[in-house]
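Remarks on the structure that follows.
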Amino acid sequence: MTSLELEAIVGLIGRARHVVIGTAADPASRDGGARIASAWGGLVLATVTWPETAASWLRQARRFATPEPDVWVVSATPAGWAGMASRLRQSTSWSPHRTIVTAPLADFRLPGVRGARADGSTWEA
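By the numbering used here, the letter at position 95 of the sequence shown is numbered 412, and the numbering carries on one by one without gaps.
Structure, rendered in structure tokens:
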């Protein structure tokens with residue numbers, strides 16, 4: 318994660334009171350989640366990590382969606398996020414409209430999801 322991307326993610330979080338951070342299990346995603354939490358400096362209700370492949374992702378999806386944060390922030394790989402996002406849509410009250418994702422997920426567009434690219438530019442699906 319670049320410093321410009323990190324700055325853009327923090328800007329997208331804005332004045333949220335609290336967030337939930339979700340990460341894939343790989344080191345880069347976990348590091349990204351930790352850097353976001355540190356740079357934002359607000360209340361993180363939970364940090365949820367999920368594997369690239371899983372039987373259902375149901376346990377992780379429930380932990381990710383249950384706290385009902387102002388914003389969900391995702392630092393993950395496309396493969397792991399595809400499964401997790403599918404489970405979130407099917408089984409929880411998660412809202413893509415309150416979700417911000419990092420640069421590796423820029424091509425994984427769900428309506429309402431916002432994100433930042435490595436160059437610091439932002440987008441919304």
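Backbone N, C-alpha and C define an ideal beta-carbon position, used for all residues, glycine too.
Nearest-angstrom beta carbon gap, residue j and residue i [assumed within contact, 8 Å]
i, j, result
"TRP367", "GLN377", "4 Å"
"TRP411", "ALA382", "4 Å"
Reference residue i; option with closest CA among the options
i, options, result
"ALA415", "GLY432, SER403, ALA399, LEU422", "Correcting the residue type first, residue 415 is Arg in the shown sequence and not Ala. Selected option, being the one with the closest Cα: GLY432."
"ALA399", "PRO413, ALA363, ALA333", "PRO413"
"THR394", "TRP411, ASP387, ALA420, THR409", "ALA420"
"ILE353", "VAL391, LEU422, ALA442", "VAL391"
"GLY359", "GLY339, VAL327, ASP348, PRO344", "VAL327"
Residue interval of the alpha helix (DSSP H) (run including residue i)
i, result
"GLY289", "Missing from the structure shown is residue 289; the chain here goes from 318 to 442 and no further."
"ARG379", "375–382"
"ASP348", "344–357"
Bridge partners - residue i, DSSP secondary structure assignment
i, result
"ILE338", "THR364, VAL390"
"ALA433", "THR439"
"ILE417", "VAL390, ARG431"
Beta strand (DSSP E) segment containing residue i, residue limits
i, result
"THR319", "Per DSSP, THR319 belongs to no beta strand (DSSP E) and is neither H nor E."
Examine the Cβ distances between the segment 330–346 and the segment 379–387 and report whether three or more of them are shorter than 8 Å.
yes
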